[in-house]
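Below is one structure; the comments refer to it alone.
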Amino acid sequence: SFAEKLEWGNNSQLKEILQRHPGGFDLILGADICILPICSSFA
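Heads up: the sequence shown at position 3 corresponds to 3 in UniProt numbering, and the numbers run straight through without jumps.
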């Protein structure tokens with residue numbers, strides 16, 4: 001198994017991944033991570 005960075009809408013990353021893995025994939029798992037800065041009112 002492996003992981004590749006693929007940002008939404010980044011065609012150059014997509015092309016690189018497809019060149020390295022021309023046979024395709026059985027499963028693609030995506031996740032969004034949102035990091036919120038700590039506001040001084042919560043400190």
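For every residue, glycine included, the Cβ atom is placed at its ideal position computed from N, Cα and C.
Just verifying my parser: in three-state terms, what is the DSSP assignment at lysine 5? coil
For leucine 36 and leucine 6, what's the separation of their Cα atoms in angstroms?
21 angstroms
Span of the alpha helix (DSSP H), counted from its first residue to its last, around leucine 14:
11 to 20
Rounded to whole angstroms, what's the CA-CA distance from isoleucine 38 to aspartate 32? Just pull it up for me.
-> 19 angstroms
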